[in-house]
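By UniProt numbering, the letter at position 52 of the sequence shown is numbered 52, and the numbering carries on one by one without gaps.
We put the beta carbon where it would ideally sit given N, CA and C, even for glycine.
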Amino acid sequence: MGNVAARVIRADGSLFARAFACKYAGKDRFKPNRSHSKIWKCICTGSRILGKQSFWMVGDGSKISTLEDAWLGELPLCKWPTFINIFWKIKASPRSLMLIWRAMNNLLPTNDWLYDHRLRTDPNCPWGCNQPEDIYHLLGNCRFISRIRATLSRMNFNFHSSKKLST
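Below you can see the structure in the form of structure tokens.
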């Protein structure tokens, strides 16, 4: 479909390109709406793929959309340091990193998460807290977990306070 989109973009004079350009071309030339045909939607998809792989001369800048056009920086995007790259380089066990990653992205199967995914009928904490059991509740606000943490602390298990997490 990229080739077909290129023919429409170039307006090569073929009957096909002229017909589709007349019917669908407007201010937002390659943005289909629900009423457009499936063929035109495929052509629009092809034009987006083609647009990601092509460049044009800037000229006077009147045809540049600062919000939608791709801009090239000095560094490729894959080489920019990101939080994800830094996070996975932390020297900790993979199991701990995965737990933290899942907690940060709200992917732990808490009752609240299971309720949102219609796998449970009650989102509240099963230990009588009368609050939704989400990650913040488990790591900082649950009375039952706090008692377990206090008991383990008396047995010389050291835990860092999770009060900072509940803010």
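Could you tell me whether the Cβ atoms of residue i and residue j are closer together than 8 Å?
i    : j    : result
N106 : P123 : no
W88  : L99  : no
A92  : I135 : no
Applying the criterion that 16 or more other CB atoms from any shown protein chain within 10 Å of the CB defines a buried residue, is residue i buried or exposed?
i           : result
C142        : buried
D60         : exposed
residue 235 : The structure shown does not extend to residue 235, since the chain is modelled only from 1 through 167, so no value can be given for it.
L138        : buried
I86         : exposed
I43         : buried
T167        : Confidence at T167 is low in this model, with a pLDDT of 43, below 50, so the placement of that residue should be treated as unreliable; the coordinate-derived value is given next. By the 10 Å Cβ count, T167 comes out exposed.
G128        : exposed
Using a threshold of 7 Å, is the CB atom of residue i nearer than that to any non-hydrogen atom of the ligand ATP?
i    : result
R120 : In terms of ligand content, the structure shown is empty, and the ligand ATP therefore cannot be addressed.
Alpha helix (DSSP H) runs wholly inside the UniProt domain "Reverse transcriptase zinc-binding" (83–147), at least 4 long, in chain order: 83–88, 94–104 and 111–116
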